[in-house]
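Worksheet for the structure shown next.
Number of protein chains: 2
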Amino acid sequence: MAKYTAFNAEHAVDYIKELVKSELISVFPADATLTAYEFGDGNLNLVFRVADQYNNSVILKQALPYARCVGESWPLSLDRARIEAEVLINHGKLCPEHTVAILHHNVELALTVLEDLGELQILRGAQINAEQFPLLASHVALYLSRIGFYNSDFYLSAEDKKAKVSQFINPDLCKITEDLFFTDPYIEHERNNFPTELTEHVESIRNNDALKLAAAKLKAKFLSCPQTLLHGDMHSGSIFVDSKTTKMIDPEFGFFGPVGFDIGSFMGNLLLNYCAQNARITEQAKRRQYQTHLLTCLQDCYSQFEQHWLNLASSEATDISFANRAFSEDYLQHVLRDAVGYCGAELIRRTIGLAHVADIDGIEDAQARLAVQQQTLVLGEQLMLNATSCNNKDEFFSLLISLLN
Amino acid sequence: MAKYTAFNAEHAVDYIKELVKSELISVFPADATLTAYEFGDGNLNLVFRVADQYNNSVILKQALPYARCVGESWPLSLDRARIEAEVLINHGKLCPEHTVAILHHNVELALTVLEDLGELQILRGAQINAEQFPLLASHVALYLSRIGFYNSDFYLSAEDKKAKVSQFINPDLCKITEDLFFTDPYIEHERNNFPTELTEHVESIRNNDALKLAAAKLKAKFLSCPQTLLHGDMHSGSIFVDSKTTKMIDPEFGFFGPVGFDIGSFMGNLLLNYCAQNARITEQAKRRQYQTHLLTCLQDCYSQFEQHWLNLASSEATDISFANRAFSEDYLQHVLRDAVGYCGAELIRRTIGLAHVADIDGIEDAQARLAVQQQTLVLGEQLMLNATSCNNKDEFFSLLISLLN
């Protein structure tokens, strides 16, 4: 079984059986009768749930050698399965509370076996239904601050950091982000995807030199600022939740990049849902209440992320040059500006680029959907254009509130 | 001969004989009678000149597994010989006019065979003697702009760039810079080296929070800003010159770092010599004339470097996001600020850190030497503190002139 072959359900069952027999995983008893089905809705992987008659189960995820959404025309290195596994191991050590547990991985077959989080919901779906998760903000803040800080120059020796940068060089998946996030929305490209009614707005984006400059600067930083080992794909579809638990999955886009990217992406997804609710919740009081919840979640998450980082910097920094408050504050000011910029870029690319979000695309009324799309574009533009003017998180929150009102 | 052994002159002769016999180098005729002597004055390597009876010669450089200046207590990976060879090959393709030619290299023995530039002078020695090189500024500008641009995100594909970043991960040599350049001068450390009379000034540096913050920010960028494949050690001892020729040698500190580092280091060395001349050239008119020459060299070099980069960006940029004037100008504004900061840091670390320059240490009159050291410290401090206020090169030049008057 060492040579790569794309699995079907039978392969998945056989593979897990072998693991059980060899006692390489302990989820299933020896007499387990396994069944499997594929339910991946992503574009790059096969995802099987393998379960026994006692309701024990695991997830087997296998990378495909191409991007499913664009057929076999966008080949992708299977090395991303190794990267995903190694990011999960790294993040799992630093923040086991909020990282999906990895039970096994096989580099040749490009597969990982993961704990089954089936009892949880995917955040995107839950937020589309206006569900609230009071612990989400603090969980994401804890996760991002811990994985961010402990993989940064504050904590790692320069030698260890350089080795890790090399370990997590991830050209194929980074290229997807480089193209879809930073390049395509600002040029004419066949991969872009937006309704005809937005053409004028899209053209104004393509002609907005200040916005294109901001996008280019964010891209340059994405390319050449290996501050920490990012999750790399922190959208609402990569987060499993219930009222008590938050687990990040799918870090196959992980690489060493700018700290602000992950939290900016997460905030961007909260704002995409915020705007979508204008067309989803008809009752005004209910809508306002939910949008206030989302905004509070965003603010709490950012504030706690920053506070955790400051605390870690004052207690755990190993590099004497960086172990002082003034440096941490300056560092975090740049992280904030990056995060605001990436947040804005996420809003734009999810509206007019290749990959959209169900929060918006699932709005049935075309006119209402269009109004939301107009709003996400304006919001994204303004965040990108004003990101570097934000001196601290309160200025960012004020800017955001002024843009949402 | 594959297993590493530190060479003596006899080994060097035998090794080159083998290369001649195998026709791997063409410098020497078949009947060459070779002799060799070691003349390295560096701290990390053995350097042999191997010559024949017809006056043909080459340089054989071999890395030692430790830093010679601190005995065997600072072990260094021999991998730096591979890095030096691969940087020379990279830079030699991009700017053969100003890169020493590499004739052969052997990874196991950590050695390179280089063209002999013995007919040229080392820039530091020549500038100590107040010699002028009218083409130096334009040559350095051409070299730094070409190696910088063609190894940057402007030109390389993201995939190629990531592979190169990994190829040139250089932890051992980077650590020397991280420690000696950015850390030691701002703390109490046994490696620091300064006369007792400077103690008060050194303590004021250690207590200057703004200066330490500037140093920490420059260090953070050195650690996490792989913009291009730097030379990494652009001081006046790494440059061979005569009236027509300029050749860079010794890029063993090469790695992907911030563009401003190399040109900042080079400018710092010009300013170290500028200050040293206050104690070296007694005749005022002559001194002023030479210092004006140095300042003009610095300004011309920076101006031409910037202009070359702008020209390359407008004609050769392959990434559509970066192929516009506004992005290049913004990018170069940050390069300038970095360069001014690194320039200032070079002045400070060469005055109170471990590694000094002969321009200053060779001044015989202790009082005059001390006055120069005071000046380089003040100049370095002011450049570091004001670097981020420089909006363009003219503001930098004005700042510099005001500090030198």
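Taken in order, these protein sequences are the chains called A and B.
Quick note on UniProt numbering: the first sequence kicks off at 1 and runs consecutively.
Quick note on UniProt numbering: the second sequence kicks off at 1 and runs consecutively.
Note that the Cβ used here is the ideal one computed from N, Cα and C, for glycine as well.
Item: Taking the C-alpha atoms as reference points, what is the distance between A/A279 and A/L213?; Value: 32 Å
Item: I'd like to know whether the C-beta of B/T388 is nearer than 7 Å to at least one C-beta of chain A.; Value: no
Item: Is it right to say B/S236 is buried, meaning 16 or more other beta carbons lie within 10 angstroms of its own, or is it exposed?; Value: buried
Item: Within the same chain, show all residues whose beta-carbon is closer than 6 Å to that of A/M234, passing over the 5 residues directly before and after it, in chain order.; Value: D262, S265, F266
Item: Helix, strand or coil for B/A323, going by three-state DSSP, please let me know.; Value: coil
Item: Taking only beta-carbon atoms, is B/K164 less than 7 Å away from chain A?; Value: no
Item: Please confirm if A/D184 has its CB atom under 7 Å from at least one CB of chain B.; Value: no
Item: According to DSSP, simplified to helix, strand and coil, what is A/Q227?; Value: coil
Item: So the beta strand (DSSP E) A/L60 belongs to, where does it begin and stop?; Value: 57–63
Item: What are the residues in the segment 132–157 of chain A lying within 7 Å of chain B by C-beta distance?; Value: D153
Item: Does the beta-carbon distance from B/A63 to B/R49 come in below 7 Å?; Value: no
Item: At the 7 Å Cβ level, is B/I169 part of the contact set with chain A, yes or no?; Value: yes
Item: Output the distance between the C-alpha atoms of residue 407 of chain A and B/G125, rounded to the nearest integer angstrom.; Value: Outside the modelled stretch of chain A, which goes from 1 to 405, sits residue 407 of chain A, for which no answer is possible.
Item: Could you tell me whether any Cβ in chain A is nearer than 7 Å to the Cβ of B/M1?; Value: At B/M1, the pLDDT of 47 sits below 50, so the modelled position is not reliable and the matter cannot be decided from this model.
Item: Taking the beta strand (DSSP E) that A/V47 belongs to, which residues open and close that run?; Value: 45–51
Item: Measuring CB atoms only, is the segment 341–354 of chain A touching the segment 374–393 of chain A, in the sense that at least three cross pairs come out at less than 8 Å?; Value: yes
Item: Between which residues of its own chain and B/F181 is the CB-CB distance below 7 Å, once the five residues before and five after are set aside?; Value: A345, R349
Item: Just checking, does the segment 214–229 of chain B make contact with the segment 148–159 of chain A on the three C-beta pairs under 8 Å criterion?; Value: yes
Item: Should the segment 240–255 of chain B be called in touch with the segment 79–96 of chain B, which here means at least 3 C-beta pairs below 8 Å?; Value: yes
Item: Would you verify that the beta carbon of B/L213 is, or is not, closer than 7 Å to some beta carbon of chain A?; Value: yes
Item: With a threshold of 8 Å, are at least 3 pairs of Cβ atoms found where one atom belongs to the segment 10–29 of chain A and the other to the segment 45–59 of chain A?; Value: yes
Item: As an exercise, report each continuous alpha helix (DSSP H) stretch of at least 4 residues that is fully enclosed by the segment 204–261 of chain A, in chain order.; Value: 209–223
Item: With 7 Å as the threshold, decide whether the Cβ of A/S243 is near any Cβ in chain B.; Value: no
Item: Does the Cβ of A/Q277 have 16 or more other Cβ atoms within 10 Å, making it buried, or fewer, making it exposed?; Value: buried
Item: I'd like to confirm the pairing. Which residues does DSSP put opposite A/Y66 in its beta bridges?; Value: A/P75
Item: Against B/I89, what residues of chain A qualify as contacts under a CB-to-CB distance less than 9 Å, listed in chain order?; Value: Residues of chain A passing the Cβ test: none, with the nearest at roughly 20 Å.
Item: Check this for me: beta carbons of B/T183 and A/S321, under 7 Å apart or not?; Value: yes
Item: Any idea which residues DSSP pairs A/T99 with across the strands?; Value: A/M248
Item: In angstroms, rounded to a whole number, what distance separates the CA positions of B/L114 and B/T99?; Value: 11 Å
Item: Closest to B/K162 by CA distance: which of B/C390, B/C225, B/D172, B/L111 is it?; Value: B/C225
Item: Note down, one range per segment and in chain order, each alpha helix (DSSP H) of at least 4 residues found wholly within the segment 265–331 of chain A.; Value: 284–316
Item: For B/T351, does the three-state DSSP call read helix, strand or coil?; Value: helix
Item: Residue 410 of chain B: which of B/G232, B/T196, B/E283 sits nearest, CA to CA?; Value: Only positions 1 to 405 of chain B appear in this structure, which leaves residue 410 of chain B out of reach.
Item: At a cut-off of 6 Å, would you count A/V241 as near the ligand FMN, judging by its Cβ distance to the nearest heavy atom?; Value: Summarising the ligand content, the structure contains no ligands, and the ligand FMN is consequently not present.
Item: If we ignore side chains and look at the alpha-carbon of each, how far apart do A/L76 and A/V357 end up?; Value: 22 Å
Item: Measuring only between beta-carbons, confirm whether B/S321 sits less than 7 Å from chain A.; Value: yes
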